[in-house]
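Scroll down for the structure; my scribbles are underneath it.
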Amino acid sequence: MTVDYRRTTLELVPPGTRVRVVEIRHHSGQARRLMELGVVPGAVIRVISNSAGPIVVEVGSARFAIGRGLARRIVVEVVEQ
Amino acid sequence: MTRIAHEHAGTPLQSGVHEKGGGKRVRVALAGAPNVGKSTLFNMLVGARRFVGNWPGKTIDRYEGELEHHGIVLRLVDLPGTYSLSALSEEEEIARDFIVREKPDVVVVVVNAVSLETTMYLVLQVLELYDRVVVAVNKMDAAARRGLHISLDRMSRALGVPVVGISALRGEGLHELIESILAVASGAVRTQRLKLNYGGLANYAALLERDLEKCAALKDYPRDWAALRLLEGDSKLEKVLAEACPELLEKVERTRRRAEEELDAEPALLAASTRYTFISELLRSCVAYSGVVGKSASELLDRIYLSRLLGLPAALATLMSVLVVAFAINTGFPFVQILEALGYDDLAELVEGYTLSGLVNTALSGLADIATSVLFARGASPLLVSLIAEGVLGGVGAILAFLPLIFLVFIFFGFLEDTGVMARIAVASHALMRKVRLSGKALLPLTLGFGCNVPAVMGTKILPSDKEKLVSSFVAPLVPCQARLVVLLAFATALFSGAAAAFAALVLAYLIALFAAGLLALLLNRVISPKEEVPELLVELPPYHVPSFRVIWWYAVDNAVHFLRKAGVIIFLLSLTTWVLLRLGPSGYVENIESSFAYIVGSALAPLLTPVGLGRWEVALALMTGFVAKESVLATLIIATGSTSAAEAISRLALSPSQALALMVFVTLYVPCLATLATFHAQFRRPKLTLLLATMSLVLAYAVSLVTYIVAQVIPVV
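Put into structure tokens, the structure is as follows:
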């Protein structure tokens, strides 16, 4: 299997990038909450800001702030820089 | 666990209230995600005809109301705001249980036209569970302004239930909504549960479905729904199974593992994906965008609040300025103090008289004077006069003293909430709050505490987990409220020569209190279910919008009324008790405080305070009355020392700087005032917890002021 360089975690995605959610590696109420908010595998989300604090993403027209710990467990692949 | 069984037993009673046979009464439940404007809709529909209560055994408010439409009474229940019906949180459990057990005639699910993607999820969950549903798409006006066009007809056809576009705030579309509700309730419009295509997962659900028939405890739930939920993993249903049909639970777990292996994915994930695929297809078919949304102001605000460097300072500055405005309106702080420092004492007094609490005080003392003279003129005994003028009116005053500030604090924070700024503040402060194992969301209630601890404790309801609610409610009373600020100011200015020393003492008291609050939060987080992980941040950032005065007004009125209902009686009764202590003694009614019960109690308690340098009956008594309302500490000291002003009373006590500091610290930390305790008790309704809170803060106050006293003696204060 070749290494997919487009694949990363949400924590490392620079602002302005559109990514597709691949997997959520977390088994808790928070992961479930993410899915309920539309962050499901296959969904395309846009990273609005990503500095030291929480990562702000846009899902459809709604925005969420996701803590870094949680973002680290969301595997994504870059769709468009 | 046993609670479920109790609720079952309670069901027939509750549904007996429902007079469906008469056909004149329609029971409607309002469901919706947070930020969709559900409460606004509720208020618009029922107006003044509403009642606040509690969900049985829960800490969450239950709003109910009525409206009449062509002779038919609609009884509305406002379910807690939830994104889903997973029963993961108390709110979700309440909403789901209500629909399943009470079987309302119609469930109205409110969604936000501007963020359909996230708010439609609940619609799907309700529709999968229940058939008699009407969808209300709120904020249609805002959507139109952004160039969003929603085809309600298409949506209605796809969902199989009526879909009505409304603007709750402007009162648009409400008539049509009511008509649709009645049409569904009467059966004129036939609706059915939504059946999504879960693909492979459906086969496993079908396997379970047959077995679930055997379990009577699940009879309230649609079987196919329960089967799928159990495959996804549903702690509430699992609990029911574990109790009633444990052998089935095993089978569920086996089937879930099998599905996960054979489908190579978690069932929970597959189900959520199916729902989201359905939603995005639905929206693709019935939502059209035109034009670009003007985002410049929002982007700018977000760039500040969400920036790495500016975020936290901006958030704190916003909260501070809101607090200062609330303080200024209520007591004139800090302007009165600045005027006094500049030597304009008359002007300071004038300003103070026209602040909110100044006006309330003037009105109350005027009322007391009138009552006194009227009663004396009729030859009433001094006991009766004192009872009415000081006891009863004093009790009313104790309640009213809190009300303006509570109201103001809620107005200002309603403003932050309504404009969308509050969510940003939660994000910006998350890193800071995590240091004490709380989330950014907890900063809101804790900041309310600087104004008044009552809204702070009430405000913890917004926190996502039960644990965080409890920890924050314990910590909130340690935040020095404005009443304590007044007392601290009086002590600091009277005891320390020079404005700088007074200010330093004040700041020191605040820092000690906040440090204690932080430590307590850390400690409690270790003690209360320590295995639960620190909450990760996940906050919706609603679009910024211009505040609506009506929404903010409702928010403040609701909360103020809530406070009166919950805490009013307790505050009144206990301040009456204080009157009894102060005005009665072994010899009956007393004018002189030194022959009252209060003196006896104060003298008995004074030796306890000797180690912290405060072994005086006056101080012990003042601290006792300060329990009713912290402002009373000063009033009691004035009476007990026979002085005319707070400054005189304090100088008569002749406290050394170290004693003064110890007293300031003690006043800041010791037992939360009556109103806060009453609110805390109303929130959790567990006497042990309330007692624990009181004892804990007393012990804390004693220990910290002891340390302060000793340290201040070693290191001489200026």
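In order, the protein sequences belong to chains B and E.
Per UniProt numbering, the first sequence starts with residue 1, numbered consecutively.
Per UniProt numbering, the second sequence starts with residue 1, numbered consecutively.
Using N, Cα and C, we set each Cβ at its ideal position, and we do this for glycine too.
With C-beta atoms as the reference, is Val356/E less than 9 angstroms away from Leu405/E?
The displayed chain sequence assigns Leu, not Val, to residue 356/E. Against a cut-off of 9 angstroms, the Cβ pair of Leu405/E and Leu356/E comes out as a contact.
Alpha helix (DSSP H) containing Ser697/E: first to last residue?
Pro687 to Val714
Near Asp61/E, which residues of its chain fall below 6 angstroms by C-beta distance, leaving aside the five closest residues on each side in sequence?
Val52
Under 8 angstroms, with one C-beta from each stretch per pair, do the stretch 117 to 127 of chain E and the stretch 29 to 45 of chain B reach the 3-pair mark?
Put simply, the stretch 117 to 127 of chain E touches the stretch 29 to 45 of chain B. At least three CB pairs are less than 8 angstroms apart.
Should Gly69/B be flagged as near chain E, meaning a C-beta pair shorter than 9 angstroms?
yes
Chain-ordered neighbours of Val114/E on chain B, where CB pairs are closer than 7 angstroms
Ser61
Pro657/E: CB within 8 angstroms of a non-hydrogen atom of the ligand MG:
Questions concerning the ligand MG fall outside what the structure shown contains, since it holds no ligand whatsoever.
Report all residues from its chain with a CB closer than 7 angstroms to the CB of Ser587/E; omit the five preceding and five following residues, and keep chain order.
Excluding its 5 nearest sequence neighbours in each direction, Ser587/E has C-beta neighbours in its own chain below 7 angstroms: Ser595, listed in chain order.
Within 10 angstroms of the Cβ of Asn203/E, are there 16 or more other Cβ atoms? Answer buried if so, exposed if not.
With fewer than 16 Cβ atoms within 10 Å of its Cβ, Asn203/E is classed as exposed.
Assigned exposure category for Thr676/E - 16 Cβ within 10 Å defines buried
buried
The stretch 435 to 455 of chain E: positions lying closer than 9 angstroms to chain B by Cβ
Residues Ser439 and Gly440.
At which residue ranges does the stretch 284 to 337 of chain E contain complete alpha helix (DSSP H) runs of 4 or more residues, listed in the order of the chain?
296 to 305 and 311 to 331
Count the CB pairs spanning the stretch 44 to 52 of chain B and the stretch 23 to 32 of chain E that are closer than 8 angstroms, and state whether there are at least three.
no
What's the call for Asn197/E, buried or exposed, on a 16-neighbour Cβ count within 10 Å?
exposed
For Ile399/E, name the three-state secondary structure that DSSP assigns.
helix
Let me check understanding here. Comparing Cα to Cα, which of Leu489/E, Ala521/E and Val633/E lies closest to Ser473/E?
Ala521/E
Does Glu93/E have its Cβ less than 9 angstroms from a Cβ in chain B?
No, because no Cβ of chain B sits closer than 9 angstroms to the Cβ of Glu93/E.
Do you know how far the Cα of Met422/E is from the Cα of Asp234/E?
Distance between the alpha carbons of Asp234/E and Met422/E: 32 angstroms.
Please name the residues in the stretch 254 to 279 of chain E whose beta-carbon is closer than 7 angstroms to at least one beta-carbon of chain B, in chain order.
Ala268, Leu269, Ala272, Ser273 and Tyr276
Check the C-beta distance from Ala244/E over to Asp224/E and give it rounded, since I have them as a contact under 8 angstroms.
The Cβ separation is near 19 angstroms, so there is no contact.
For Ser529/E, which of Lys467/E, Tyr670/E and Arg229/E has the nearest alpha-carbon?
Lys467/E
Apart from the five residues on each side of it in sequence, which residues of its chain come closer than 7 angstroms, Cβ to Cβ, to Ala660/E?
Residues of the same chain with a CB within less than 7 angstroms of the CB of Ala660/E, apart from the 5 flanking positions on each side, are Phe491 and Leu495 in chain order.
List the residues that DSSP assigns as beta-bridge partners of Ile528/E.
Answer is none; Ile528/E lacks a bridge partner.
By the DSSP assignment, the beta strand (DSSP E) with Arg149/E in it spans what residues?
Note on residue identity: the sequence assigns His, not Arg, to residue 149/E. Note, His149/E: beta strand (DSSP E), Leu148 to Ile150.
Relative to the C-alpha of Leu249/E, which residue among Ser280/E, Ala217/E and Glu266/E is closest?
Ala217/E
Nearest chain E C-beta to residue 82/B closer than 9 angstroms, yes or no?
The structure shown does not extend to residue 82/B, since chain B is modelled only from 1 through 81, so no value can be given for it.
Cutoff 9 angstroms: Arg303/E Cβ touching any chain B Cβ
yes
Any idea if Met320/E is buried or exposed, counting beta-carbon neighbours within 10 angstroms, 16 or more meaning buried?
exposed
Considering just the uninterrupted stretch of the alpha helix (DSSP H) at Thr17/B, what are its terminal residues?
Premise fails: Thr17/B is in no alpha helix (DSSP H) and is neither H nor E.
How big is the Cα-Cα spacing for Glu299/E and Thr447/E?
Rounded to the nearest angstrom, the two C-alpha atoms are 26 angstroms apart.
With DSSP as the reference, please indicate the residues paired to Ser39/E in a beta bridge.
Looking at the DSSP assignment, Ser39/E forms no beta bridge with any residue, so it has no partner.
Nearest to His562/E (by Cα), restricted to the options Asn43/E, Ala29/E, Asn54/E and Leu228/E
Looking at the Cα atoms, Asn54/E is the closest of the given residues.
Please check the pair Leu85/E and Gln125/E, which I expect to be a contact at CB under 8 angstroms, by giving their CB distance rounded to whole angstroms.
4 angstroms
For a quick check, are the C-beta atoms of Thr625/E and Thr578/E less than 9 angstroms apart?
yes
Checking contacts by CB at 9 angstroms: is Gly294/E closer than that to chain B?
Bear in mind that a pLDDT of 48 at Gly294/E, under 50, signals an unreliable position, so the model cannot answer this.
Just verifying my parser: in three-state terms, what is the DSSP assignment at residue 734/E?
Since the first residue of chain E shown is 1 and the last is 718, residue 734/E is not available in this structure.
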